[in-house]
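Comments concern the structure below.
Number of protein chains: 2
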Amino acid sequence: MKHPSTRDRILEEADRLFYERGYEHTAFADIAEAVGISRGNVTFHYQTKDAILDAVIDLRLARTAALLERWETGGEGPADRIRSFIDILIANRAKIMLHGCPVGTLCSELAKLEHHALSHASALFTLFQEWLATQFAALGLKKEAGTLALHLLARSQGIATLASTFHDEAFLREEVRILHAWLDGITSSPSRRTRA
Amino acid sequence: MKHPSTRDRILEEADRLFYERGYEHTAFADIAEAVGISRGNVTFHYQTKDAILDAVIDLRLARTAALLERWETGGEGPADRIRSFIDILIANRAKIMLHGCPVGTLCSELAKLEHHALSHASALFTLFQEWLATQFAALGLKKEAGTLALHLLARSQGIATLASTFHDEAFLREEVRILHAWLDGITSSPSRRTRA
DNA sequence: GACAAACTAGGACAATCGTCCTAGTTTCCC
DNA sequence: GGGAAACTAGGACGATTGTCCTAGTTTGTC
Chain A
1096 MKHPSTRDRI LEEADRLFYE RGYEHTAFAD IAEAVGISRG NVTFHYQTKD
1146 AILDAVIDLR LARTAALLER WETGGEGPAD RIRSFIDILI ANRAKIMLHG
1196 CPVGTLCSEL AKLEHHALSH ASALFTLFQE WLATQFAALG LKKEAGTLAL
1246 HLLARSQGIA TLASTFHDEA FLREEVRILH AWLDGITSSP SRRTRA
Chain B
1096 MKHPSTRDRI LEEADRLFYE RGYEHTAFAD IAEAVGISRG NVTFHYQTKD
1146 AILDAVIDLR LARTAALLER WETGGEGPAD RIRSFIDILI ANRAKIMLHG
1196 CPVGTLCSEL AKLEHHALSH ASALFTLFQE WLATQFAALG LKKEAGTLAL
1246 HLLARSQGIA TLASTFHDEA FLREEVRILH AWLDGITSSP SRRTRA
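Line by line, the protein sequences give chains A and B. Take 1096 as the starting number for the first sequence in our numbering and just add one per residue. Take 1096 as the starting number for the second sequence in our numbering and just add one per residue.
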């Protein structure tokens, strides 16, 4: 791992730049400069910018899947796994306050560009959603699991958007607290779970 | 109003295109073509693209302020006013499912570009927030009014993001239903208002 | 009806974009 | 160690970008 290939280094820098600056605002020259190679070298490893985007999305999908897999086999119960998901907002707060959610901002941008990779990128959301739905189902909420998962995704998404707009960490922490309280309310009193 | 000035027509089309395609992805040529005039004519009325952006934000600020003012003097109570805000998601669902929230997507894009107009654009959020806080305060929730307002903004924001990513109207309607239920819970039982 | 101001069209400009092409260099295998 | 494959650098390309400039046209005023 001390000698990653040029191809991997391109992917790594592209992943970072697409997140920090956005897809359209990142040029081939930016990626080349970040890696420390020539522009022509980038096009040798990835012929088109779309090809880089696809590879970046695949990378994020793989890393997300690996993270969820780790949580799945981490020995904790479903409620704690969902709490781990919520706490991503805290763990990544610095980057989120600067650049928003990596998934949400990418999907928003691709939607505006009417880019065909949107369906590919939205698979990141789907990955989280299905995993969260599995956790909710394991909590005995099989029927509303999918809805609850989408709901939690939307809540997290809104928090990231406002946190990055206002660069407000106190807001982010308060909202995470509210999310945890919401989850506690669901797990303890299933009778009014869909109302909260 | 049958003969809007060229300057106003430029503003109108820029407003629409910035929303539909994003700021960076919209070129001077696009605006000129949409209005049906030459490129040079656009630069005569607005020297730089940033100037158009500032004017568009001012336009949105003015229209938002006018809308909130109308609701404020519409004869309804604060709870119904907040419901009107929530129902924007329903009223504008077609556009939201295609292009997301006009405020949130603009702020997200400007944040990534590190554009100095971000603080100007975020005033749109502040406008909504302060108005919502006023309504919550009128409901007797003076202490948490600001927090509740931000919370509702974040919830709406997340709903818009996911609705546009998945083009899913059923999700949007379900989330609006949940938001209304949340509001009902707040107005009826103030004892556990911050927990929901 | 002349004259200045306001407006419009469109070419010119340098810069940047994604992509292609070619010439070198390195690496690996027989 | 020689030859092919993989890799790298960088110039060239057409297209597009935001902005500027220069001619015309329209409009309003005395």
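Think of the CB as a built atom: it goes at the ideal place given N, C-alpha and C, for glycine as much as any other residue.
{"Asked": "7 Å CB neighbourhood of Asp1125 (chain A) in its chain, flanking five on each side removed", "Found": "Leu1112"}
{"Asked": "Chain-ordered chain B contacts of Phe1123 (chain A) [CB-CB under 9 Å]", "Found": "Residues of chain B passing the Cβ test: none, with the nearest at roughly 17 Å."}
{"Asked": "Phe1139 (chain A) versus A:Glu1107, A:Asp1110, A:Thr1159 and A:Thr1101, residue with shortest Cα-Cα distance", "Found": "A:Thr1101"}
{"Asked": "Buried or exposed (CB count within 10 angstroms, at least 16 for buried), Met1168 (chain A)", "Found": "Position check: residue 1168 (chain A) holds Thr in this sequence, whereas Met was assumed. The residue in question, Thr1168 (chain A), is exposed, as its Cβ has fewer than 16 Cβ neighbours within 10 Å."}
{"Asked": "Chain-ordered chain A contacts of Glu1119 (chain B) [CB-CB under 7 Å]", "Found": "Glu1119 and His1120"}
{"Asked": "Counted within 10 angstroms of its Cβ, other Cβ atoms place Arg1176 (chain A) as buried (16 or more) or exposed", "Found": "buried"}
{"Asked": "Proximity test, Cβ basis, 9 Å: His1194 (chain A) and chain B", "Found": "yes"}
{"Asked": "Close Cβ partners of Leu1154 (chain B) (< 7 Å) along its chain, the five nearest in sequence each way excluded", "Found": "Leu1106 and Asp1110"}
{"Asked": "Min CB distance Leu1245 (chain B) to chain A below 9 Å", "Found": "yes"}
{"Asked": "Beta-carbon proximity check, Ser1251 (chain A) vs Ile1185 (chain A), cutoff 9 Å", "Found": "no"}
{"Asked": "Minimum Cβ-Cβ distance from Arg1111 (chain B) to chain A less than 9 Å", "Found": "no"}
{"Asked": "Sequence-distant residues of the same chain with beta carbon closer than 8 Å to Glu1225 (chain A), five excluded per side", "Found": "Ala1244"}
{"Asked": "Chain A contact for Arg1116 (chain B) (CB, 9 Å cutoff)", "Found": "yes"}
{"Asked": "Cβ contact (3+ pairs, closer than 8 Å) linking the region 1129-1148 of chain A and the region 1229-1242 of chain A", "Found": "no"}
{"Asked": "Straight-line Cα distance separating Leu1163 (chain B) from Asp1145 (chain A)", "Found": "42 Å"}
{"Asked": "Near-chain A residues of the region 1259-1276 of chain B (beta-carbon distance less than 8 Å), N- to C-terminal order", "Found": "Ser1259, Thr1260, Phe1261, Phe1266, Glu1269, Glu1270, Ile1273 and Ala1276"}
{"Asked": "Exposure label - Glu1209 (chain A); buried when at least 16 CB within 10 Å", "Found": "exposed"}
{"Asked": "Exposure of Pro1099 (chain B), with buried meaning 16 or more beta-carbon neighbours within 10 Å", "Found": "exposed"}
{"Asked": "Per-residue burial, Ala1206 (chain A) [other beta carbons within 10 Å of its own, 16 or more giving buried]", "Found": "buried"}
{"Asked": "Residue span of the alpha helix (DSSP H) that contains Asp1145 (chain B), given as start and end", "Found": "Lys1144 to Glu1167"}
{"Asked": "Neighbour list for Phe1220 (chain B) in chain A, Cβ cutoff strictly below 9 Å", "Found": "Leu1257, Thr1260 and Phe1261"}
{"Asked": "Interface partners of Leu1236 (chain B) on chain A, CB under 9 Å", "Found": "Under the 9 Å cutoff, chain A gives no residues; its nearest Cβ is about 15 Å from Leu1236 (chain B)."}
{"Asked": "Rounded C-alpha distance that separates Gly1117 (chain B) from Glu1264 (chain A)", "Found": "27 Å"}
{"Asked": "Proximity test, Ile1132 (chain A) beta-carbon vs the ligand ADP heavy atom, cut-off 8 Å", "Found": "This structure does not include the ligand ADP; it has no bound ligands of any sort."}
{"Asked": "9 Å Cβ cutoff, Arg1302 (chain B) in contact with chain A", "Found": "A question about residue 1302 (chain B) goes unanswered here, because the residues of chain B that appear run from 1096 up to 1291."}
{"Asked": "First through last residue of the alpha helix (DSSP H) which encompasses Asp1103 (chain A)", "Found": "Thr1101 to Arg1116"}
{"Asked": "Cα-Cα separation between Gly1131 (chain B) and Trp1166 (chain B), rounded to whole angstroms", "Found": "36 Å"}
{"Asked": "Entirely enclosed alpha helix (DSSP H) segments - the region 1189-1255 of chain B, minimum 4 residues", "Found": "1197-1208 and 1213-1233"}
{"Asked": "Limits of the unbroken alpha helix (DSSP H) element including Ser1283 (chain A)", "Found": "Glu1264 to Ser1283"}
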